[in-house]
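Quick note: the sequence shown uses our numbering, first residue 13, plus one each step. Each residue gets a CB set at the ideal place from its N, CA and C atoms; glycine is no exception.
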Amino acid sequence: MILYHASTVYHLLCCIVHKCIYRKEKQATLLIVEYLQNKEVLDVIVERLVRLEWFEKIVIVPERKIKALHLKTLSENSRNAQIKKVLYKIIRGVKDLLQIDFSCFEEINMAGDYWSVGLYLRYNQIPFNYFEDGSGMLSQCDRYNQIIQNTNTTHFIIAKYLNSIGKGELIQKKYADLSNQSEGFYDELAVDFSIYELINKMDKRDVLDLLSVFGCTLYCIEEGVPAALFLTQYFKTMQIKSVRTQELLTTMLLDYFAPNCQIIIKPHPKDRRINYRRLLPGCIVLKNYFPSELIPFSIIGEIKLGLTASSTSISGIKHFVDQTISFSTDIETSFSSLHKLYAANTIAHAVTDPSYIFLSFGAGSELLDQLRHQVNPCLGPYSHQIVSGEKRCIIFNNVSQQCYQDITKWVSFAKGDIVIFVDTLDKVVGICDDIMDNVLPISIKKNSSASYDKTVEKEIIYVYTSDPDIREFIMNYEEKKELKLTGLSLEIRGEKIQEQIRIKVLEAQVRALKEKCYEYEKRIEATVEQGSINS
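Laid out in structure tokens, this is it:
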């Protein structure tokens with residue numbers, strides 16, 4: 013008898029595919045964490061699995077009842093004695109509520125080893141095989157740990173105490189999609205497990221049954237219109253908690269990176285807060301509990317682009333889309349600068365030629381790289397390292413004062429350099445003596461529909477150049493950008509009024525002077541305090 017354990021839809025898919033490919037003739041029991049989906053959906057999934065008879069027994073792990081036995085929320089500050097006390101109650105709960113003799117299984121395949129059953133196996137020193145949490149996640153330990161900590165802090169603390177979460181001597185094999193791991197990844201226990209490739213090896217009848225488990229509906233993509241697949245995320249794993257901000261992140265990414273595309277939305281299995289049909293009229297919305305890895309088997313037509321803010325599922329769709337675009341979790345804060353970054357990137361390419369070296373420093377570097385790719389797919393990313401050269405185009409965005417000072421030691425502000433300041437002028441006053449004479453503002457006027465948040469109607473970026481021809485070009489520059497899904501029209505244009513630059517620079521100088529005075533006062537206080545101690 014073999015045991016499988018699943019805590020997410022992706023895990024469940026892994027268990028089913030592994031059983032059908034490698035253990036088809038073996039008897040097996042399937043444990044499903046009750047949080048996998050809401051009860052109504054989970055009951056339907058279980059009913060379909062029972063009908064298919066892939067598993068002799070299917071058991072729902074009652075995590076809520078197990079939690080009720082300890083009712084304790086642990087934190088990073090919890091003492092070992094507190095952690096042990098909660099752990100013992102979880103172990104007792106698994107034993108009493110499941111009444112399963114785990115030692116009788118010839119093989120245990122565990123996904124989500126930080127849940128109660130995984131902790132039970134760890135505590136009782138029972139070996140098992142491990143499924144990674146998503147395609148490519150085995151090599152992203154820090155990211156995975158952060159996700160667990162955000163969604164299940166108590167179990168994360170216990171798992172860390174036990175040196176668990178995909179680690180430890182009890183693990184015999186680690187099933188992972190090796191083609192999607194980070195560069196340089198190696199684990200001697202890793203076994204290649206590509207869901208897409210394995211499903212293609214399954215019997216056609218089994219594939220149809222697999223699709224039926226998750227309520228597959230066939231969708232047809234309109235011919236002649238490029239299709240973009242957008243993967244959403246669970247709000248608990250994000251820094252963004254506002255529904256409106258999540259909606260804005262979604263529409264802005266689609267407007268900038270998937271314009272004029274037919275949109276297919278794959279909601280995260282636990283994403284139930286946003287009405288995507290209302291937000292994106294005419295889009296195709298897949299069932300939220302439908303695994304993204306099954307999309308190529310349910311879509312009639314070709315998907316050109318896979319896009320997400322930072323969903324870990326993006327690696328799993330690389331097999332069947334032409335291009336994928338994803339970002340680190342920094343996107344959750346840096347996207348607010350997207351309009352200014354777009355303007356900076358557009359200006360950078362409008363006033364330069366191929367002989368220029370392109371560099372960027374600070375927040376939003378991933379966005380700039382993708383915006384550059386939109387200009388020309390053959391262009392490489394911005395360099396984020398100090399590079400010398402006669403002609404450079406440098407973009408600064410939200411860089412620390414110290415970083416500015418370090419970088420500007422080698423920025424000559426000579427005729428060949430074009431420097432674009434996305435965030436503010438504050439950090440550069442005092443570094444460049446001729447800033448008032450050679451900095452030009454670029455305004456980004458936002459004309460919005462009633463549904464758009466109008467808190468900031470106009471944004472400014474600044475371009476430094478001493479080249480008279482480039483200055484003339486910038487002062488006469490105009491461009492319009494339509495963001496249809498966001499309900500926004502941008503007007504980007506060079507400003508000719510130098511007086512406002514002088515005012516901005518003077519204001520920045522005052523702020524910088526105040527900051528220096530504050531730092532000077534702190535040093536004096538520290539010196540006086542140290543003198544008192546010594547005396």
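Which residue's Cα is closest to the Cα of residue i: the options?
i	options	result
Tyr58	Val98, Asn121, Ile486 and Leu222	Inspection of the sequence shows that residue 58 is occupied by Val rather than by Tyr. Ranking Val98, Asn121, Ile486 and Leu222 by Cα distance to Val58 puts Leu222 first.
Asp154	Thr20, Gly392, Arg63 and Ser194	Ser194
Met214	Lys253, Lys31 and His361	Lys31
Leu54	Glu68, Leu42 and Ile72	Ile72
Ala321	Ser147, Leu261 and Lys216	Leu261
Val434	Leu452, Glu75 and Asn409	Asn409
Tyr501	Val297, Glu469, Leu131 and Leu371	For the sequence presented, residue 501 should be read as Ser rather than Tyr. Of the candidates Val297, Glu469, Leu131 and Leu371, the one whose C-alpha sits nearest the C-alpha of Ser501 is Glu469.
Gln39	Glu46, Tyr47 and Ile28	Ile28
Gly377	Tyr132, Asn357 and Leu42	Sequence inspection shows Ser at residue 377; the Gly mentioned does not correspond to that position. For Ser377, the nearest C-alpha among the options comes from Asn357.
Asn74	Ile432, Trp66, Asn212 and His17	A small correction: the amino acid at residue 74 is Pro; Asn does not occupy that position in the sequence shown. Checking every option, the nearest Cα to that of Pro74 belongs to His17.
Phe302	Ser338, Val431, Val56 and Ile78	Val56
Phe269	Ile432, Pro389, Lys492 and Arg404	Pro389
Ile170	Leu220, Leu150, Ser191 and Ala93	Ala93
Asp199	Cys228, Ile207, Leu174 and Met149	Met149
Lys12	Leu292, Lys493 and Ser19	Shown here, the chain extends from 13 to 547; a query on residue 12 therefore has no answer.
Considering only the beta carbon of each residue, do residue i and residue j sit closer than 8 angstroms?
i	j	result
Gln49	Pro281	yes
Leu317	Leu497	no
Ile311	Gln274	no
Leu61	Val225	yes
Ile486	Ala355	no
Leu350	Leu306	no
Ile454	Gly506	yes
Ile277	Thr244	yes
Thr166	Thr85	yes
Ile102	Leu133	no
Thr41	Glu68	yes
Ser176	Asp145	no
Ile70	Ile33	no
Glu503	Asn459	yes
Phe242	Arg285	no
Ile326	Thr341	no
Quick one: is residue i buried, meaning 16 or more other Cβ sit within 10 Å of its Cβ, or exposed?
i	result
Pro89	A small correction: the amino acid at residue 89 is Asn; Pro does not occupy that position in the sequence shown. The residue in question, Asn89, is exposed, as its Cβ has fewer than 16 Cβ neighbours within 10 Å.
Glu209	exposed
Tyr100	exposed
Ala240	buried
Asn212	exposed
Ile160	buried
Asp108	exposed
Met13	exposed
Arg91	exposed
Arg384	buried
Gly96	In the sequence as displayed, the identity of residue 96 is Lys instead of Gly. Lys96 is exposed by the Cβ-count criterion.
Lys36	exposed
Ile24	The displayed chain sequence assigns Leu, not Ile, to residue 24. Buried.
Val129	buried
Ile536	exposed
Asp365	exposed
In terms of DSSP beta bridges, what is residue i paired with?
i	result
Met122	His17 and Tyr142
Arg505	Ser455 and Glu490
Ile343	DSSP output for Ile343 lists no bridge partner at all.
Val71	Leu43
Thr336	Gly318
Glu274	According to the sequence provided, residue 274 is Gln. The question's Glu does not apply to it. Gln274 is bridged to Ala239.
Asn409	Gly374
Cys232	Ile312
Give a yes or no on contact between the segment 174 to 188 and the segment 129 to 146, applying the rule of three or more CB pairs nearer than 8 angstroms. yes
Meets three-Cβ-pair contact criterion under 8 angstroms: the segment 369 to 378 and the segment 392 to 405: yes
Is the segment 359 to 368 close to the segment 225 to 244, with three or more CB pairs under 8 angstroms? no
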